[in-house]
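Going left to right, the sequence shown walks through residues -26 to -1, 1 to 244 as mature numbering (1 follows the signal peptide of the UniProt record, and there is no 0) numbers them. Yeah, the Cβ is synthetic: ideal placement off N, Cα and C, and Gly gets one too. Beneath this line is the structure, given in structure tokens, with notes to follow.
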Amino acid sequence: MRFSNSKIKWVSLCFCLLLSLRIIQGYKESETARTLKLEQGNAAHEVHCSRERSRAAQKIIEEYLMPFVEKERYQMSSRCRLHSDNDLYRDQEQHKIRVDVNEWKCGYCRKRFYEEKYLDQHFDNRHYDLLNVSHSRCLADVCGALHCDLVMDSTPRKTKCNPAAASRNQHLCESLADSCFPVNEGPSASRLHEFFLRQFCDAHTCKGGQKPFSRGHRKTRNVFYLIVSILTMMLLLLFYIFIYMHQRGMKGGTVQLKRISKSVQKKKPS
Ligand SMILES: [Zn+2]
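Structure representation (structure tokens):
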């Protein structure tokens, strides 16, 4: 196989670009690590509420509960533990700005970070005073009822069902249904109470057969995925058509070349 000069130039240019990107990335990482070390020196506080699990609970509420609450035009009371006021991290989470795939910005002080986890650590260390501690509620505490493990990738799934834990989660789940959607508050609350039991509580059993989120979730994401998949399929199709046309052109060229060489051979002996 022979490489032309321009091809070699292109490959070396790409290599140089990749190398310089890697160097910049390494610099950014070391800078972030240094910042964190400095900040950790100042940190002398501790919050006993998991940010990751709170985020998972918030995600479940947003996707699997709120679309139905909005449909019923129901206003959840702040007494309900699922109300956004009871999320310790809500304000901080709302101050996360995703600039790029590998760039996160703090909405309070505009500092930039390479990964979300560094921004989380920055929030913990620098903006501790902005945590919504007034209600002293931790959204992660309702994770058992909301099946947070299902949306958290890092959590290893337990294969064996624990009947005591299942019953505890079911109890918590039912108490959430009672406090967030009291049946004596009218038909909307009643319908949502019933919905909540089916959507979240029925699956807390070791008997199997019941799956959480059986009533579905927010549809907008599906539409987005559908558009992306259609675009990908179209691009793939165009790519294959291009390859096919290209190969056909090459074959046509070789056939013509063969014909020419044959005719030359035939002419030669004379
Ligand atoms: Zn900040």
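Distances from the CB of arginine 25 to the heavy atoms of ligand 1 are all 6 Å or more. Judged by DSSP secondary structure, valine 43 falls within the alpha helix (DSSP H) whose first and last residues are 40 to 45.
With a threshold of 6 Å, the Cβ atom of lysine 70 does not count as near ligand 1, since no heavy atom of the ligand is closer than that. DSSP places glutamate 168 in the uninterrupted alpha helix (DSSP H) bounded by 161 to 170.
Pairing alanine 119 with leucine 150 gives a Cβ-Cβ distance under 7 Å. Annotation: the stretch 34 to 109 contains the following complete segments of the beta strand (DSSP E) (minimum length 3 residues), in chain order: 70 to 74, 77 to 80. In this structure, the straight-line span from the alpha carbon of threonine 206 to that of glutamine 184 is close to 35 Å.
For tyrosine 218, the number of other beta carbons within 10 angstroms of its own is below 16, and it is reported as exposed. In the pairwise beta carbon analysis, the stretch 155 to 165 is classified as touching the stretch 45 to 58: at least three pairs are separated by under 8 Å. In the three-state reduction of the DSSP assignment, methionine 224 falls in the helix class.
Of the heavy atoms belonging to ligand 1, none sits nearer than 6 Å to the Cβ of tyrosine 214.
For alanine 139, the enclosing alpha helix (DSSP H) covers residues 137 to 154. Cysteine 23: not part of any alpha helix (DSSP H); DSSP gives it neither H nor E.
DSSP places glycine 118 in the uninterrupted alpha helix (DSSP H) bounded by 117 to 120.
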